[in-house]
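Participant:
Protein chains: 2
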Amino acid sequence: MTSRPASPAKQGRGDLFDPECPTRRLLDRIGTKWTSMAVKVLAEAAPHEVRFAELRRRIPGVSQKMLSVTLHSLVRDGLVTRRVEPTVPPRVHYRLTDLGLSLDVPLAALRTWAEENMARIDRANAISDSEAG
Amino acid sequence: MTSRPASPAKQGRGDLFDPECPTRRLLDRIGTKWTSMAVKVLAEAAPHEVRFAELRRRIPGVSQKMLSVTLHSLVRDGLVTRRVEPTVPPRVHYRLTDLGLSLDVPLAALRTWAEENMARIDRANAISDSEAG
DNA sequence: CTGTATCCAAGTAGATACTG
DNA sequence: CAGTATCTACTTGGATACAG
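In the order they appear, the protein sequences are chains A and B.
The numbering of the first sequence is our numbering, which starts it at 101 and goes up by one.
The numbering of the second sequence is our numbering, which starts it at 101 and goes up by one.
1. Okay, do the segment 194-210 of chain A and the segment 169-179 of chain A touch, 3+ Cβ pairs below 8 Å being the bar?
2. Do L126/A and A209/B have their C-beta atoms within less than 8 Å of each other?
3. Would you check if the distance between the CB atom of R156/B and the CB atom of V141/B is smaller than 8 Å?
4. A138/A: buried (16+ other C-beta within 10 angstroms of its C-beta) or exposed?
5. Could you tell me the boundaries of the alpha helix (DSSP H) in which H148/B lies?
6. Using a Cβ cut-off of 7 Å, pull out every chain B residue sitting near R176/A, in sequence order please.
7. Could you tell me which chain A residues have their CB closer than 7 Å to the CB of T123/B, listed as they occur along the chain?
8. Expressed to the nearest angstrom, what Euclidean distance is found between the alpha-carbon atoms of A153/A and P122/A?
9. When you measure from the CB of L127/B to every non-hydrogen atom of the ligand GTP, does any distance come out below 7 Å?
10. Using beta carbons (cut-off 8 Å, strictly below), is R157/A in contact with chain B?
11. Would you kindly report the start and end of the unbroken alpha helix (DSSP H) that includes V169/A?
12. Could you pull the DSSP bridge partners for E185/A from this structure?
13. For V192/A, which residues from the same chain have a beta carbon less than 6 Å from its beta carbon, with the 5 sequence-adjacent residues on both sides left out?
14. Residues in its own chain within less than 6 Å of T135/B by CB, not counting five upstream and five downstream?
As structure tokens, then:
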């Protein structure tokens, strides 16, 4: 998702028949490391804008580069707006678009499921690991 | 997600404070290339089982190796059951667990959103690309 | 039929240094 | 402050060959 060179349809081989299912393509976007966090933070702040530095603070562990790359991808996808205050130094504000907000609905459902059930997945893994020794 | 060696908490650096948000960890799983397709096919078949070869047919483009890896990850996570018929050659049947079925609910919402809105994301990308030249 | 093992190409993200 | 460039390590996944 982060790289421009990669065209919408991958170069695999049997690409002729594959319309690249929309879900897969969506997951290629929100599945990248920091995207879901960024959307979550922006959704919680909506309808207010959030500055780059503030986003960085609210997403523990994200690097300057990856936050920048992540946000610009979201902007390109029309999920986020970017507004630059032409001051020195500049201040850049981000906000979810209506499309971005609508995406946050199913994403929030996924977050809820994750919070309620990841512990079960962890337990299942622990059991498998102990069984396989 | 597919590799065992990687421990739950990455080796980044600031891993001490980070409880690895459940959503991120869930997306690490369902975000891999074939997982969402496999869950979808299994959910559509539920409560019936689906054989390995049948799954392979219904997931265009998946390789033997990746389908195997994907399914075994889902089994380890407790989202799918695996039943082997001890015949020669063996037949292996897969089915979503209750946990897997419950995951398919928010996932189906995401699929619906993707089907309804990916075209807008594509348009936004087209506009950005033409603007940036 | 259903895997597993190996090897390899491509993608993803981190550290670091530098710019307007 | 916000962002870009480079360089590198790690991860993902595909091709192929082989096994129970």
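In this text, a Cβ means the ideal position worked out from N, Cα and C, and glycines have one as well.
As the structure is a computational prediction, the values presented were derived from the model and not from experiment.
Facilitator: Taking the geometry as given:
1. In short, these stretches touch, since the Cβ pair count reaches three.
2. Working through the first sequence from its first residue, we reach residue 126/A at position 26. Working through the second sequence from its first residue, we reach residue 209/B at position 109. Contact check for L126/A against A209/B fails: the beta carbons are separated by 8 Å or more.
3. Within the second sequence, numbered from 1, the residue matching residue 156/B stands at position 56. Within the second sequence, numbered from 1, the residue matching residue 141/B stands at position 41. No, the pair does not count as a contact, with Cβ atoms beyond the cut-off.
4. The sequence position of residue 138/A within the first sequence is 38, counting from 1. With 16 or more other CB atoms across the displayed protein chains lying within 10 angstroms of its CB, A138/A is buried.
5. Mapped onto the second sequence, residue 148/B falls at position 48. In the DSSP assignment, H148/B falls outside any alpha helix (DSSP H), carrying neither H nor E.
6. Residue numbering aside, residue 176/A sits at position 76 when the first sequence is read from its first letter. The contacting residues are A224, N225 and S228.
7. To locate residue 123/B, count along the second sequence from 1; it is residue 23. Those within 7 Å of T123/B in chain A are S136, L210, R211 and A214.
8. In the first sequence, residue 153/A corresponds to position 53, counting from 1. In the first sequence, residue 122/A corresponds to position 22, counting from 1. Taking the straight line from one Cα to the other gives about 32 Å.
9. Questions concerning the ligand GTP fall outside what the structure shown contains, since it holds no ligand whatsoever.
10. In the first sequence, counting from the first residue as 1, residue 157/A sits at position 57. So no, R157/A is outside the interface.
11. Reading the first sequence from its first residue, position 69 is the one you call residue 169/A. Per DSSP, the continuous alpha helix (DSSP H) segment holding V169/A begins and ends at Q164 to R176.
12. On the first sequence, position 85 is the one that residue 185/A refers to. R191/A, per the DSSP bridge assignment.
13. As a first step, residue 192/A must be located in the first sequence, where it is residue number 92. Once the five neighbours on either side are set aside, the close Cβ partners of V192/A are F152 and V184.
14. In the second sequence, residue 135/B corresponds to position 35, counting from 1. Counting only Cβ-Cβ distances below 6 Å, and skipping sequence neighbours, we find T170.
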